[in-house]
Amino acid sequence: MQSPVYTCSLDNVTQLINRIAEKMPVYGDFGSSKTTLSPKGFFLPALEKLYETAKINDSYKITPAPPENAPFVLLGIRACDAAAIEILDGVYLNDPIDPQYKARRHASYIVTFACETMGANCFCQSVNINPAAPKGDVKAWVKNGTFFWLAQSEKGERLTELLLDLLERTIPAGNDLLPVEPPDSAPALPLPADMLSAFNAPVWDNLHRACIACGTCTFLCPTCQCYDISSHECTENSEKTHCTRQWDACLYPGFTQMAHGNPRPSKKERFRQRFMHKLVYHMQKYGTSACVGCGRCVNKCPVNMNIVKVAHVLAQEEVNAYV
Amino acid sequence: MCNPNLGLIPFPARIIHITENTADTKTFRVVGEDEKKPFAHMPGQCAMLSLPGVGEAMFSISSASTNEEFYEFSIKRVGKLTSELHTLQVDSPITLRGAYGRPFPVNDVLIGQDLLFIAGGIGLAPLRSVIRYVFDNRDKYGAVDIVYGARSSADLVFLEEIQNEWTARPNTRVHLTIDREEEGWSGNVGFVPTYIKQLSFNPSKIALICGPPVMIKYSLATLIEMGFEKTQVYTTLEMRMKCGIGKCGRCNIGHKYACIDGPVFRCDEIDELPEEY
Ligand SMILES: Cc1cc2nc3c(=O)[nH]c(=O)nc-3n(C[C@H](O)[C@H](O)[C@H](O)COP(=O)(O)OP(=O)(O)OC[C@H]3O[C@@H](n4cnc5c(N)ncnc54)[C@H](O)[C@@H]3O)c2cc1C
Ligand code: SF4
Ligand code: FES
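Which chain is which? The protein sequence lines are V and Z, in order. First residue of the first sequence: 27, per my numbering; consecutive thereafter. First residue of the second sequence: -8, per my numbering; consecutive thereafter.
Here it is in structure tokens:
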């Protein structure tokens, strides 16, 4: 059954947030744009402990880090980031399920917020995401000075129950359901059709040159999910160690370095990997591209390189191959 | 498909025996805490072996899955962790998690077939688990040919086991080769691919190749010349690995992950992947 739509006045939104915050931590707000950092760190922290070992009687006692399952709310997640969380779910909640990710994900309530305008360098519509209709446990939007609230999952309904005395049930007029008409839809980001010809395209020889392999794009990207694992001796007690997992980037040479050599020996191959993974490999494996058009990498790349350019140059290459 | 119970948390384990195979390779026998094997495995699968505080790395389980007492890992000293492992004594504790990866198809495709094993150097480690599995289920498979090469006789891992045990097995031929002449060496001298050509095998066999990338490449080319189809040849791809469960992204080749879709691949499957391994 479709949940009812609720409203409240803009002045009362703070009250809503405070009510939820009495029950559990709330992160984010219904601010004017998406956050600089993506929400992925709430589910896959930049650094986390996986387990500890203690050497007792010449044997290792292994203690896994306890799952983090205390409920929390993310407020104001945009359509792009909500789509990105689904992409991460596809990786981490598929067998074998990642228990740490699953605990945090199940503990989370995601309240999304519809975009009224496209931000600078945003291109979610080019990857088939409607910024005015975000997914999430609850979707919120503002129209004509009124705040709208619609639960989209069982979790969303539980959250709504906390707020019933602050919300008013409405039967919205058809055009109230969307904050604004979705901004004019942009031309689709061209995705290479053939994996091997995109991989072998000569354009990579030049495309990578500007890239300084700083990894900013991978850390900002809401869908980049690669990690490293390492083991450390505790400084206080040499019989104890902890094993951590941390974000990593395929742009770094050490990512694939092996004793007998590196299958991606130069920046060209590493640069190619990042974009091939986003635009082609993920599509082939999961049926969607791994770019949600949030534009963070476009905004922050220090040498002004970006996935939109790469996709268009590759597409041009494909066209050239057929004429 | 990937075992849904696999994770990143290891089991405590212990080394119970060490054999020095060559100047840089040792074989470690490992058991879990209660002297048992904490997880099952199939030939060609790998496990993550770690020394807490030092590091963790993927190694092929070189013993047969039919061995119920222990795992064996044949480990070449190449860097930080492997050097540290080489200093360990019997009874040293380590940690272990697995088993990872797609095994060789020992219970379907290989059944009833004549098998040709081709290995170079430490590449014999993953094939040894298949070879020993075949010996333990001898009547299920046809003739066995093993071509094994290394730089010198001192670099042939498991040489004693091969000479004392393998050559005595029924319907089994072992062909050893080393790169350069040596005093007292009665086997062949020359590179593995050249030797395969001389031996000229019937292309009705199923071939399993493991070793350095160049050796795999030229051996495969030689087999194709002899009339083998790529669908009859299996090999393993070695990529750097961290998680072993298709999440950390490290072993990605095209849309495949070597840790779950491999490390064993049929050679025609490799043709569909970007050449980046
Ligand atoms: C599926 C699979 C099966 C395997 N089976 C076996 C087996 O049966 N037997 C076996 O001996 N080996 C096997 N290996 C290889 C084994 O995993 C490596 O030899 C092992 O990881 C080396 O670890 P290390 O800590 O000793 O070396 P490291 O110290 O990690 O590295 C070795 C070299 O890599 C380079 N390197 C490492 N990290 C970096 C970095 N961050 N930046 C730059 N350079 C770096 C250095 O040049 C260094 O000399 C297998 C690997 C895979 C993937
Ligand atoms: S590749 Fe760039 S635009 Fe696409 S989702 Fe990642 S950070 Fe956003
Ligand atoms: S080792 Fe992590 S994805 Fe394969």
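Note that beta-carbon positions come from the ideal geometry of N, C-alpha and C, so glycine has one too.
Taking non-hydrogen atoms of ligand 3 into account, the C-beta of Arg104 of chain V is found less than 8 Å away from none of them. Scanning Z:Met232, Z:Gln80, Z:Gly23 for the CA closest to the CA of Tyr268 of chain Z turns up Z:Met232.
Judged by DSSP in its simplified three-state form, Phe69 of chain V adopts coil rather than helix or strand. For Cys234 of chain Z, the Cβ stays outside the 8 Å cut-off from all heavy atoms of ligand 1. For the stretch 42 to 126 of chain Z, the continuous alpha helix (DSSP H) assignments of 4+ residues that do not extend past its boundaries occur at 71 to 77, in sequence order. Only residues of its own chain outside the window of five on either side were considered, and among them Thr10, Asn12, Glu63, Ser65 have a CB closer than 6 Å to the CB of Thr18 of chain Z, listed in chain order. Leu176 of chain V has its alpha-carbon roughly 17 Å from the corresponding atom of Gln41 of chain V. At least one heavy atom of ligand 1 lies less than 8 Å from the C-beta of Leu72 of chain Z. Judged by pairs of C-beta atoms under 8 Å, the stretch 88 to 104 of chain V touches the stretch 125 to 141 of chain V, as three or more such pairs exist. It is roughly 5 Å from the alpha-carbon of Phe219 of chain Z to the alpha-carbon of Pro194 of chain Z. Counting the other CB atoms within 10 Å of its CB gives Gln251 of chain V a total of 16 or more, which places it among the buried residues. Using a C-beta cut-off of 8 Å, the stretch 179 to 192 of chain V makes contact with the stretch 144 to 164 of chain V, since at least three inter-stretch Cβ pairs fall below that distance.
In the structure shown, Thr40 of chain V adopts helical secondary structure according to DSSP, grouped into three states.
Between ligand 3 and the CB of Arg160 of chain Z, the shortest heavy atom gap is not smaller than 8 Å. Residue state for Thr222 of chain Z is assigned as helix, using DSSP reduced to three classes. Ile85 of chain Z belongs to the set of residues whose beta carbon lies under 9 Å from a beta carbon in chain V.
Proximity to Cys317 of chain V across V:Ser264, V:His258, V:Phe139, V:Ser152 peaks at V:Ser152, based on C-alpha coordinates. The continuous stretches of alpha helix (DSSP H) do not include His286 of chain V, and DSSP gives it neither H nor E.
DSSP, reduced to helix, strand and coil, places Gly35 of chain Z outside both helices and strands of the structure shown, so it counts as coil. Of all residues in the stretch 264 to 276 of chain V, the ones placed with a Cβ closer than 9 Å to any Cβ belonging to chain Z are Ser264, Lys266, Thr267, His268, Cys269, Arg271, Asp274, Cys276, in chain order. The residues Ser53, in chain order, have a CB closer than 6 Å to that of Arg119 of chain Z in the same chain once the five nearest residues on each side in sequence are set aside.
The beta carbon of Ser152 of chain V sits no closer than 8 Å to any heavy atom of ligand 1. Residues of the same chain with a CB within less than 8 Å of the CB of Lys188 of chain Z, apart from the 5 flanking positions on each side, are Thr213, Glu216, Met217 in chain order. One finds Lys238 in chain Z with Cβ atoms closer than 7 Å to the Cβ of Val117 of chain V, taken in chain order.
Looking at the DSSP output, Phe139 of chain V bridges to V:Ala166. In the three-state reduction of the DSSP assignment, Phe245 of chain V falls in the helix class, which pools H, G and I. The nearest non-hydrogen atom of ligand 1 is 8 Å or more from the C-beta of Ser292 of chain V. Chain order gives the chain V residues near Pro1 of chain Z as Tyr77, Thr79, Tyr86, Ile88, Cys269, where near means a beta carbon separation below 9 Å.
In this structure, Met33 of chain Z sits near Ser56 of chain Z, with a CB-CB distance shorter than 9 Å. Shown here for Val125 of chain Z: same chain residues with a beta carbon closer than 7 Å to its own, the five before and five after excluded, namely Leu106, Tyr132, Val135 in chain order.
As DSSP reads the structure, Ser85 of chain V sits in a beta bridge with V:Ile82.
Restricting attention to alpha helix (DSSP H) runs no shorter than 4 residues, the stretch 184 to 247 of chain Z encloses them at 204 to 217, ordered along the chain. Judged by their CB atoms, Asp15 of chain Z and Arg68 of chain Z are nearer to each other than the 9 Å cut-off.
Around the C-beta of Thr62 of chain V, fewer than 16 other C-beta atoms lie within 10 Å, and the residue is accordingly described as exposed. Look at Asn12 of chain Z: its C-beta is not under 9 Å from any C-beta on chain V. Ser257 of chain V belongs to the set of residues whose beta carbon lies under 9 Å from a beta carbon in chain Z.
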